[in-house]
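**Q** Residue numbers for the sequence shown, in my numbering: -15 to 253.
The beta carbon of each residue, even a glycine, is placed where N, CA and C say it ideally should be.
Take this structure first; my questions come after.
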Amino acid sequence: MSIKRTVTILNKNLKPFLEEINRTHSMSEAARVLFVSQPYISQTLRKSEGEFGVSLTHPVAGKITLTYAGQRLLDYLIQEDKNLLRLKKEMTEIASYTSGVIRVGTNKPLGHYLLPSVLPKFNELYPKLQVKLLELTTEKANYLLNNDELDVFLGLHLEKKGLSFIPVVMTNSYLVVSNQTDVFDPELVGKEIVLPDAESVSKLIDGQNYIELTPDTLYQQQVSDFFMQQKIRTNTIAVVPDFDLATELVKYHLGMTVTTNYVIDKYDL
């Protein structure tokens, strides 16, 4: 069984014709005001009446008045114009990033720690723009960016044509050490020290029990690259999904890990 669907295309002049007839109650006066011929108005109305199957005007006491159907059609056309204006305004705002939704992807758990320092300023600049945050791998982000399903990715530098890379935020890295490691120094508990060079870091970490983040996280990839460059070998005793858990395990006397100042502050280490 097939169903035929009829689509009615309204004459762009129908709204002003109905408005003037409703205001003047005269077809000839409407034609004079709109600088068209009376037969053209009549022809336009008759065509629309044929398409809808209803009368749009009728004579009352020597005047032309809109029928209920004619009044409803006029109301619809007025609302349609308003909707079109709203649509154009919204499209303009979206084009200038003043409203709408921006889809932001980030490596877990990077967004959890970095976005609080970025979003307040972003919201100040674009208060009507809603941020939709997606936590995903770099590989998945790359796919979504190339398919226009993601607007911004906060993570590793992707070398792809048409993508721009902009540094957003800088953060310090900290090595937190438990008292179960060979390099633990009780006199340094609670103190923040700055290691002078990579060699000092290597001596502190090499061969020690270490807690890693999952390898698909941006931070762990950067730490692993550093370890590889410095030829640091660790004894990985746990692989966990985020900074919080890795740092808590060290806090409760298990190995060491590299974390950020956000977690240091959070756990008051």
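(1) Over what stretch of residues does the beta strand (DSSP E) that includes R87 continue unbroken?
(2) For I62, is the classification buried or exposed, using 16 other Cβ atoms within 10 angstroms of its Cβ as the cut-off for buried?
(3) Do you know how far the Cα of G146 is from the Cα of T(-8)?
(4) Using only CA atoms, which one of Q213, T165, E119 lies nearest to I195?
(5) Suppose contacts are defined by Cβ-Cβ distances below 7 angstroms. Is D190 in contact with I216 by that definition?
(6) State buried or exposed for Q27, treating a residue as buried only when at least 16 other CB atoms are found within 10 Å of its CB.
(7) Over what stretch of residues does the beta strand (DSSP E) that includes A222 continue unbroken?
(8) May I ask you to list the residues that DSSP assigns as paired with L29?
(9) Under the three-state reduction of DSSP, which class applies to F1: helix, strand or coil?
(10) Quick check on DSSP: helix, strand or coil for E119?
(11) Which residue from L68, R7, E33 puts its Cα closest to that of K47?
(12) From Y203, N219, V102, pick the residue whose C-alpha is nearest to that of N193; which is it?
**A** Quick answer:
(1) 84 to 90
(2) exposed
(3) Reliability fails at T(-8), whose pLDDT of 49 lies under 50, so the model's placement of it is uncertain and the value that follows must be treated cautiously. If you take the alpha carbons of T(-8) and G146, they lie about 43 angstroms apart.
(4) T165
(5) yes
(6) exposed
(7) 219 to 224
(8) BP columns for L29 are empty, so no partner.
(9) helix
(10) strand
(11) R7
(12) N219
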